[in-house]
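Visitor: With the working numbering applied, the sequence shown corresponds to residues 331 to 500, in that order.
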Amino acid sequence: MSSIEEVTKTIDLIIAPVVMITACAIVVNGLIVRYGSLGDRLRTVNHELSDLQESDLAHNQNKAQRLQELESLLRDLLRHHHFVHDALVLTYTSILVFMLDMLVIAIAVAINANWLSQMALIVFLGGVAVLFGGIVLIAYELRTSHYSIQLEVHRICRLCRHQHTKLAGN
331 MSSIEEVTKT IDLIIAPVVM ITACAIVVNG LIVRYGSLGD RLRTVNHELS
381 DLQESDLAHN QNKAQRLQEL ESLLRDLLRH HHFVHDALVL TYTSILVFML
431 DMLVIAIAVA INANWLSQMA LIVFLGGVAV LFGGIVLIAY ELRTSHYSIQ
481 LEVHRICRLC RHQHTKLAGN
């Protein structure tokens with residue numbers, strides 16, 4: 331690799347994985363915020379649940395009902411936390427695959443091996459597939475999270491249920 335054109339061509343080849351790594355980093359930042367928010371909410375609900383479990387529930391039906399609601403909410407939040415965790419793992423894995431792809435591209439150019447050039451494309455597509463899996467997981471988590479929030483709010487807010495029914499009727 332002696333000419334400036336060959337070096338420039340190699341750098342151009344490595345740019346595609348770098349762009350994908352940048353896209354993954356943006357996705358990871360959003361997922362980390364979501365993950366932290368869910369973690370904070372889990373801790374808050376768990377603390378409230380623990381406080382209620384220590385109190386006397388025998389004579390207070392409202393506290394007993396709240397305890398059941400919190401247990402259900404805690405299970406639901408934990409499930410969402412797992413989805414976001416899995417999406418983060420897949421996104422970080424895709425970053426690793428794109429970095430591996432950059433290495434394969436550099437080696438393919440350095441030793442001028444055609445089979446490595448094909449391998450670079452396969453590795454790149456593998457990174458895209460792993461990232462796709464992470465995006466599908468987070469899309470599913472967001473959809474189910476939206477549904478869970480609606481159920482929680484409509485179960486407690488009578489006015490919200492009434493307005494929701496009116497809107498659905500129109």
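Yeah, the Cβ is synthetic: ideal placement off N, Cα and C, and Gly gets one too.
Can you give me the Cβ contacts of ASP431 inside the same chain, cut-off strictly under 7 Å, excluding the 5 residues immediately before and after it?
Guide: Working through the sequence shown from its first residue, we reach residue 431 at position 101. Around ASP431, the same chain offers PRO347, ALA450, VAL453, PHE454 and GLY457 as residues with beta carbons nearer than 7 Å, after the five sequence neighbours per side are excluded.
Visitor: With distances taken from CA atoms, which of VAL375, LEU397, LEU372 and LEU426 is nearest GLN383?
Guide: Taking the first residue of the sequence shown as position 1, residue 383 is located at position 53. It is LEU397.
Visitor: Which of the three DSSP states is assigned to MET331 in this structure?
Guide: Indexing the sequence shown from 1 puts residue 331 at position 1. Reliability fails at MET331, whose pLDDT of 47 lies under 50, so the model's placement of it is uncertain and no value is given.
Visitor: If you draw a straight line from the C-alpha of ALA417 to the C-alpha of MET429, how long is it?
Guide: The residue given as residue 417 occupies position 87 in the sequence shown. The residue given as residue 429 occupies position 99 in the sequence shown. Cα to Cα, ALA417 sits roughly 18 Å from MET429.
Visitor: Let me know the secondary structure DSSP gives ALA353 once reduced to three states.
Guide: By one-based count along the sequence shown, residue 353 stands at place 23. In this structure, ALA353 counts as helix in the three-state DSSP scheme.
Visitor: Check for me: the alpha helix (DSSP H) holding HIS415 runs from which residue to which?
Guide: Position 85 of the sequence shown, counting from 1, holds the residue named residue 415. HIS415 -> alpha helix (DSSP H) spans 391 to 441.
Visitor: Look up SER367 in the DSSP assignment and say whether it is helix, strand or coil.
Guide: Locating residue 367 in the sequence shown gives position 37, counting from the first residue. SER367 falls in the helix class under three-state DSSP.
Visitor: Would you mind working out which of GLU335, VAL414 and ALA438 sits nearest GLY369, comparing C-alpha positions?
Guide: Here residue 369 is taken as the residue at index 39 of the sequence shown, counted from 1. Nearest Cα to GLY369 within the set GLU335, VAL414 and ALA438: VAL414.
Visitor: On the criterion of 16 or more Cβ atoms from any shown chain inside 10 Å, does HIS412 qualify as buried, or is it exposed?
Guide: On the sequence shown, position 82 is the one that residue 412 refers to. The residue in question, HIS412, is exposed, as its Cβ has fewer than 16 Cβ neighbours within 10 Å.
Visitor: Measuring alpha carbon to alpha carbon, tell me which residue in CYS487, LEU407 and LEU433 is nearest THR340.
Guide: Mapped onto the sequence shown, residue 340 falls at position 10. If we check each option's Cα against that of THR340, LEU433 comes out closest.
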